[in-house]
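Student:
Number of protein chains: 2
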Amino acid sequence: MPTQFDPPSGTRDFLAREYETRERAFAHIRSVFARYGFEPLATPAFERLDVLMGKYGEEGDKLIFKILRRGEHEETGEADLALRYDMTVPLARVAANYGSQLPSPYKRYAIGPVWRADRPGRGRFREFTQCDLDTLGSTSPLADAEVMSAVHDVLSGLGIGEFRFLLNSRRVLAGLLEVFGVPDTLGPGVLASLDKLDKLAPGDVISELAGRGLEEAKAGELVSAMTAGDAVERIRDALKSSEEGSAGLDEVDAIGSLLANELPAGRAGFTPRLVRGLGYYTGAIWEVVVAGVPGSLVGGGRYDHLIETLGGPDVPATGGSLGIERILALLANADRHTRLDVAVTIMDERYATRGFSFAAAARHAGLRSSIYLGSSAKLGRQLKWASDQGARWAVIYGAAEDEAGTVTVRDMTSGEQSAVPAADLAGHFARVRAETPLPGSAG
Amino acid sequence: MPTQFDPPSGTRDFLAREYETRERAFAHIRSVFARYGFEPLATPAFERLDVLMGKYGEEGDKLIFKILRRGEHEETGEADLALRYDMTVPLARVAANYGSQLPSPYKRYAIGPVWRADRPGRGRFREFTQCDLDTLGSTSPLADAEVMSAVHDVLSGLGIGEFRFLLNSRRVLAGLLEVFGVPDTLGPGVLASLDKLDKLAPGDVISELAGRGLEEAKAGELVSAMTAGDAVERIRDALKSSEEGSAGLDEVDAIGSLLANELPAGRAGFTPRLVRGLGYYTGAIWEVVVAGVPGSLVGGGRYDHLIETLGGPDVPATGGSLGIERILALLANADRHTRLDVAVTIMDERYATRGFSFAAAARHAGLRSSIYLGSSAKLGRQLKWASDQGARWAVIYGAAEDEAGTVTVRDMTSGEQSAVPAADLAGHFARVRAETPLPGSAG
């Protein structure tokens with residue numbers, strides 16, 4: 000049952016542990032992208048309404064969160080701004096706005112929240128993180144392969160095991176329609192049906208194709224070529240008679256051989272049935288799938304005229320979008336979240352200033368440290384707090400220590416205690432720090 | 000002149016260089032906060048409208064960006080969500096929602112954008128980053144001092160030079176009003192006028208106080224006590240006759256002596272005229288100022304009942320808010336942004352696959368690397384690209400190298416070229432990497 004204190008429907012609060020799991024993944028992604036020479040871009044959370052409307056089709060437009068005009072115009076109920084729906088329209092605006100200030104080609108990544116007024120559901124959010132990387136200004140298959148190789152490094156670095164790239168080209172699909180004599184008017188519908196071959200039985204797809212007006216014999220031929228055990232060879236053979244199809248195949252093969260050198264064997268394969276839903280792709284298209292997980296984790300392809308359609312310059316473009324929320328859901332949960340390495344207890348208010356300095360000494364040694372801020376004077380209570388914080392050591396300082404000029408350092412794992420000269424506490428922690436592996440230390 | 004491709008008024012696009020300057024500062028801040036045992040919290044960009052409305056006063060309410068209801072309700076022009084206006088109301092909601100799941104005390108920080116429909120101006124944005132750290136659940140002056148000490152470490156780590164903490168307590172101010180016989184009804188107005196003593200001449204403040212209904216003689220006495228050369232001593236002396244004032248002074252002194260041990264001398268000082276605008280403070284209040292910079296960089300204090308007022312539990316609380324945009328404006332600009340360490344040229348399409356592998360070899364050595372994606376076959380053009388990327392080395396591979404089984408590695412600084420065995424390229428880069436300081440390398 001949602002309460003009045005829950006975050007709005009379809010959104011989430013991230014407390015420390017989840018936040019850190021996510022940030023660790025994002026840091027890894029940023030570092031891989033940087034290693035490929037992609038640079039970061041951050042755009043505002045909202046755009047002017049006219050920049051977004053009409054770019055995502057009728058269904059998409061309905062999912063855009065609109066922001067009311069402020070001030071005297073508020074009462075009109077009109078909107079003039081809208082929350083970012085994806086990272087591609089802002090990219091087109093940036094390409095149009097900063098043109099010559101941007102490097103050429105412009106290789107950029109963007110990681111951040113987007114908002115969609117979708118019906119919230121299992122794994123479907125109204126606020127979620129999108130992660131795109133794109134290269135504007137190159138027609139070379141090297142650019143496609145580079146994006147895919149970076150995605151590979153991201154996924155393998157995150158520990159995603161059995162993933163594979165499915166690779167195809169829109170030009171291969173155009174060649175197929177040509178070779179199998181599918182009338183132009185039926186093309187988009189036929190591709191939409193073929194896209195379901197990974198979910199529906201071949202017979203159902205044939206019926207659907209027939210329903211769209213394709214001759215049943217032709218539909219059967221097409222589907223059987225796409226689903227046969229030797230589908231790849233049959234399609235390769237059939238495409239020889241199509242100029243467009245052959246060009247598409249060359250593109251697929253160029254990317255495939257670039258990747259073959261770098262990726263483990265069998266990681267990327269020509270997949271003639273791969274269509275991808277979005278109409279704007281013009282060349283190579285690809286998806287990353289994982290055995291046992293429905294749908295895809297990453298998708299991308301070449302979209303040479305989209306940036307112009309969205310209001311930007313007419314530049315060739317290729318890129319990919321990582322389904323961050325799906326990828327994060329596959330990762331093992333972080334270890335127990337710890338907040339402190341050194342917890343400083345305080346036995347007597349008179350020693351508060353000393354304790355405050357002990358915590359500072361531990362921080363100077365690079366450790367996370369805080370003094371006890373509660374109101375109990377009982378050591379047991381304070382050690383319980385130290386343990387709850389995940390602290391590796393507790394510092395204890397009372398009248399005996401004050402007299403001896405020492406500090407008692409308690410190992411919270413073994414319970415062993417040792418006396419350390421108060422003046423050498425920072426040095427002591429610097430030494431033990433070098434010897435002790437610590438979870439999630441601030442470094 | 001704004002164009003149709005500019006970001007919305009009052010917002011900014013952050014291209015690579017600015018983005019990285021900001022991210023570096025945020026990473027430093029996060030690491031300092033973690034070292035003090037503060038944990039991160041991220042809440043959604045929007046909250047339900049009723050969670051935000053009425054929490055910021057009439058003027059604040061007008062600055063809240065409201066989001067239109069979606070679906071069939073859109074035509075009503077009604078809003079049901081609103082963009083986050085600060086980090087404090089979401090904190091109160093989180094404290095109410097997750098109660099016992101949160102550690103006690105709950106020490107959290109939040110860094111992220113907030114949105115205000117303010118009139119944009121120099122240094123005033125409609126989307127800007129807010130950075131708060133707060134401790135809920137402790138009444139100890141140790142908690143106040145810990146927040147201030149963390150702020151100190153952030154600022155000195157960022158290289159902000161001559162900053163100082165101004166420290167006071169609301170209870171000192173209450174004591175002053177009592178000692179100088181200011182009627183209760185005039186209290187808030189009198190404090191608001193005293194708050195201007197850093198901007199207005201004493202005479203003007205006296206006139207303003209008189210205008211508010213305070214006897215002119217009393218106003219003169221009060222202002223002269225606050226502005227005298229020995230103001231601090233005079234105020235200390237005067238407060239002795241007020242129980243509330245003495246308690247406030249004890250609070251100020253406790254925090255001051257905790258900080259005195261850790262901060263350089265003179266960094267924090269009792270400042271009786273410090274009022275801070277916000278009415279919700281209940282105890283210690285403080286600001287960070289820098290010589291020559293008007294206003295404050297950081298502000299904070301104790302607000303023991305605010306969380307309850309905002310809908311959360313009744314917990315004592317203390318915290319601070321860093322004026323990130325003002326702080327960033329004081330920082331030196333980043334060095335020239337570089338995108339690559341190793342730029343791989345491509346002299347002939349036949350060698351594209353080799354080049355793709357050379358770039359991968361450099362990445363395996365931890366360097367940022369990419370192959371040339373453009374269409375020129377001219378070495379000069381490609382070396383120009385390598386130089387534009389800030390690359391330290393260019394890799395050249397043509398027919399001669401192919402025959403010799405070597406790769407030419409060009410030092411882009413000296414122009415020197417050396418032949419490296421192709422099979423040892425990753426090893427070569429691993430060795431030179433260890434010897435060469437690189438700007439902004441992905442690491």
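Protein chains in written order, with numbering that gives the first Met the number 0: chain A, 0 to 442; chain B, 0 to 442. Ideal Cβ positions, reconstructed from N, Cα and C, are used throughout, including at glycine. As the structure is a computational prediction, the values presented were derived from the model and not from experiment.
1. Mapping the DSSP letters down to three states, classify Glu232 of chain A as helix, strand or coil.
2. Rounding to the nearest angstrom, what Cα-Cα distance links Ala259 of chain B and Ala267 of chain B in this structure?
3. Using a Cβ cut-off of 7 Å (strictly closer), state whether Pro7 of chain A contacts chain B.
4. Does the CB of Tyr443 of chain A have a neighbour CB from chain B at under 7 Å?
5. In this structure, does DSSP put Phe64 of chain B in helix, strand or coil?
6. Interface residues of chain B around Thr352 of chain A at Cβ under 8 Å?
7. Tell me which residues share the same chain as Gly442 of chain A and place their Cβ nearer than 6 Å to its Cβ, disregarding the 5 neighbours each side in the sequence.
8. Taking just the CA atoms, how far does Leu175 of chain B sit from Val50 of chain B?
9. Could you tell me the distance, in whole angstroms, from the CA atom of Leu166 of chain B to the CA atom of Phe355 of chain A?
10. Specify the secondary structure class of Asp252 of chain A as computed by DSSP and reduced to three states.
11. Name the chain B residues that come within less than 8 Å of Gln388 of chain A, Cβ to Cβ?
12. Using the three-state DSSP reduction, which class does Asp85 of chain A fall into: helix, strand or coil?
13. Is the CB-CB distance between Leu339 of chain B and Pro104 of chain A below 7 Å?
14. Any C-beta of chain B sitting closer than 7 Å to the C-beta of Ala441 of chain A?
15. Quick check: the Cα distance between Gly298 of chain B and Val113 of chain B, rounded to an integer number of angstroms?
16. Taking only beta-carbon atoms, is Lys65 of chain A less than 7 Å away from chain B?
17. Quick one: what does DSSP say Lys383 of chain A is sitting in, helix, strand or coil?
18. Report the start-end ranges of each beta strand (DSSP E) in the segment 255-335 of chain B that is 3 residues or longer and not cut off at the edges.
19. Is the beta carbon of Ser168 of chain A closer than 7 Å to that of Gly247 of chain A?
20. In three-state DSSP terms, what is Gly120 of chain A?
21. Under 7 Å between the Cβ atoms of Phe452 of chain B and Tyr108 of chain B?
22. Could you tell me whether any Cβ in chain A is nearer than 7 Å to the Cβ of Val93 of chain B?
23. The alpha helix (DSSP H) that contains Tyr18 of chain A, what's its start and end?
24. Would you say the segment 70-85 of chain A touches the segment 398-410 of chain B, given that touching needs at least three Cβ pairs under 8 Å?
25. Whose C-alpha, out of B:Arg367, B:Ala425 and B:Thr10, is nearest the C-alpha of Gly120 of chain B?
26. Give the straight-line distance between the Cα atoms of Ala425 of chain A and Gly56 of chain B, rounded to the nearest whole angstrom.
27. State the beta-bridge partners of Thr226 of chain A as determined by DSSP.
28. Does the beta carbon of Trp285 of chain A sit closer than 7 Å to a beta carbon anywhere in chain B?
29. Compute the beta-carbon to beta-carbon distance between Asp347 of chain B and Val93 of chain A, rounded to the nearest angstrom, for a pair I have assumed lies under 8 Å.
30. Can you check whether the C-beta of Arg367 of chain B is within less than 7 Å of a C-beta belonging to chain A?
31. 7 Å is my cut-off, CB to CB: does Ser356 of chain B come that close to chain A?
32. Mind listing the chain B neighbours of Leu14 of chain A? Cutoff is C-beta to C-beta under 9 Å, in chain order.
33. Using 10 angstroms around the beta-carbon of Arg118 of chain A, count the other beta-carbons present and answer buried if the total reaches 16, otherwise exposed.
34. Is Thr138 of chain A helix, strand or coil when you go by DSSP?
35. Taking only three categories from DSSP, how would you classify Pro112 of chain A?
36. Residues in the same chain with beta-carbon distance under 6 Å from Glu286 of chain A, minus the five sequence neighbours each way, listed in chain order, please.
Tutor: Let me lay it out:
1. helix
2. 8 Å
3. Look at Pro7 of chain A: its C-beta is under 7 Å from a C-beta on chain B.
4. Since the first and last residues shown for chain A are 0 and 442, residue 443 of chain A lies out of range.
5. In the structure shown, Phe64 of chain B sits in coil (DSSP, three-state: anything other than H, G, I, E or B).
6. Ser256, Leu257 and Asn260
7. Caution applies to Gly442 of chain A, whose pLDDT of 41 falls short of 50 and renders its modelled position unreliable; the model cannot decide the point.
8. Going from the Cα of Val50 of chain B to the Cα of Leu175 of chain B covers about 36 Å.
9. Approximately 18 Å, taken between the alpha carbons.
10. helix
11. Gly36 and Pro102
12. Correct three-state label for Asp85 of chain A: coil.
13. Not in contact: Leu339 of chain B and Pro104 of chain A (Cβ atoms no closer than 7 Å).
14. Note that Ala441 of chain A has pLDDT 44, beneath the 50 cutoff, so the model's placement of it is unreliable and no number is given.
15. 17 Å
16. yes
17. helix
18. 267-269, 283-289, 292-301 and 316-321
19. yes
20. Three-state result, Gly120 of chain A: strand.
21. The first residue shown for chain B is 0 and the last is 442, placing residue 452 of chain B beyond what the model contains.
22. yes
23. Ala15 to Arg34 is the extent of the alpha helix (DSSP H) around Tyr18 of chain A.
24. no
25. B:Thr10
26. 47 Å
27. Paired residues: none, contrary to the question.
28. no
29. Asp347 of chain B to Val93 of chain A, Cβ: 34 Å. No contact.
30. Chain A contact via Cβ: present.
31. yes
32. Glu38, Pro39, Leu40, Ala41, Val93, Tyr97, Gln100, Leu101 and Arg107
33. exposed
34. coil
35. strand
36. Taking Glu286 of chain A as the centre and dropping the five residues before and after it, the same chain places the C-beta of Leu165, Ser295 and Gly298 closer than 6 Å to its C-beta, in chain order.
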